[in-house]
Each structure stands twice: as C-alpha cells, then as structure tokens.
Amino acid sequence: MADFTALEAIATEVIETFEIKGPPVPIESMLQRPKEGMWEELDITKLSGGFLSVKDPYSPRMSLTRLLARHIIGSDWGRARRMNEIVKTEEAIHAFARMLIMPSNMIRALSLSARNPTAMSLHFEVPEDDARQRLVELSGQL
Numbered sequence: 032m033a034d035f036t037a038l039e040a041i042a043t044e045v046i047e048t049f050e051i052k053g054p055p056v057p058i059e060s061m062l063q064r065p066k067e068g069m070w071e072e073l074d075i076t077k078l079s080g081g082f083l084s085v086k087d088p089y090s091p092r093m094s095l096t097r098l099l100a101r102h103i104i105g106s107d108w109g110r111a112r113r114m115n116e117i118v119k120t121e122e123a124i125h126a127f128a129r130m131l132i133m134p135s136n137m138i139r140a141l142s143l144s145a146r147n148p149t150a151m152s153l154h155f156e157v158p159e160d161d162a163r164q165r166l167v168e169l170s171g172q173l
C-alpha cells in the first residue's frame with residue numbers, strides 16, 4: 032500500500048512550488064511549463080485523444096492529471112523524492128492525481144456545505160466520482 036501521508040506532502044510541495052493559491056489547479060500549464068529542474072515539459076497538443084476519458088465533462092482534465100502524476104513519478108524530481116518506491120499501483124497513481132487536482136488545504140478551505148461531491152466537482156473541475164473518492168480518502172482529516 033502506498034504511503035498516502037508522503038504523497039500528500041509531495042502533492043503539497045508541487046502546489047506550493049507552482050504558487051497555486053486556489054482551484055482550479057492549472058494542470059495543463061503544469062505539464063507544459065514545469066518549474067526549473069522538476070520534469071520535462073510536455074506538449075499536450077501532440078497527445079492522442081485516445082487516452083482521454085470522456086464519460087464526464089471533466090474527465091479529460093482528470094486524465095491529464097493522471098498523466099501529470101505519472102510524469103512527476105517518472106521524473107528525476109520524483110525519483111529524488113522516492114516516488115517510484117511509494118507509488119507502485121494504478122490505485123496509488125489515481126490517488127496522487129486526486130491529491131494534485133484537489134489539494135487537501137484547498138478542500139479544508141471550503142465551507143462545510145461545499146465539501147460534497149457535486150460542489151467539489153464544480154469547484155475543482157473534476158468528475159463527481161473523483162471528488163467523492165477524495166472525500167473518502169480525507170475522511171477523518173478534515
């Protein structure tokens with residue numbers, strides 16, 4: 032099982048390094064314009080649309096977030112943080128992606144009434160299922 036505490040800390044470091052203060056997290060620009068020494072830039076215009084899920088209006092954004100998560104894990108920056116040792120399953124990759132696009136501190140900043148899958152889906156521009164799962168992952172920590 033992945034060390035979710037370590038993954039949360041790494042996700043927080045990424046968000047702070049990019050100086051992101053609120054949602055929606057700019058996943059596309061993070062892929063295209065990484066900070067110096069973090070990972071290789073990725074031209075998303077050259078990606079095949081085949082890997083993008085489209086079952087929800089925000090599914091393509093979540094697909095890009097999982098791509099970013101994989102990109103971070105495989106980078107020198109990610110290896111320096113032992114991510115290849117921490118993240119060994121698809122489930123852990125998906126969890127890390129949710130941490131990146133819905134940072135815990137931004138969820139804590141929401142009013143209690145906004146901490147539900149529907150509101151979070153709109154706020155973070157993510158599918159409701161991912162928002163629901165993120166709330167489950169953070170249960171007891173909010």
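Terminal number for the sequence shown in our numbering: 173, no gaps in between.
Ideal Cβ placement from N, Cα and C applies to all residues, glycine included.
Write down the C-beta distance between residue i and residue j rounded to the nearest angstrom, noting that I regard them as a contact closer than 8 Å.
i	j	result
E39	M130	6 Å
L173	I138	7 Å
Take residue i and list the residues in its own chain whose beta-carbon comes closer than 7 Å to its own, dropping the five residues that flank it on each side.
i	result
R101	I124
Q164	R129
Enumerate in chain order the residues of its own chain whose CB-to-CB distance from residue i is below 8 Å, with the five nearest sequence positions on each side excluded.
i	result
S144	A150
Q63	E72, L73, D74, I75
Apart from the five residues on each side of it in sequence, which residues of its chain come closer than 6 Å, Cβ to Cβ, to residue i?
i	result
T120	none
Considering only C-alpha positions, which residue in the set the options is nearest to residue i?
i	options	result
P55	E71, E168, L153, V167	L153
G53	P148, L141, S170	L141
F35	P134, P91, P57	P134
A126	L98, I51, M61, G171	L98
| query | Does the stretch 148 to 164 come close enough to the stretch 66 to 76 to have 3 or more Cβ pairs within less than 8 Å? | reply | no
| query | Any contact of the stretch 45 to 52 with the stretch 85 to 95, i.e. 3+ C-beta pairs under 8 Å? | reply | no
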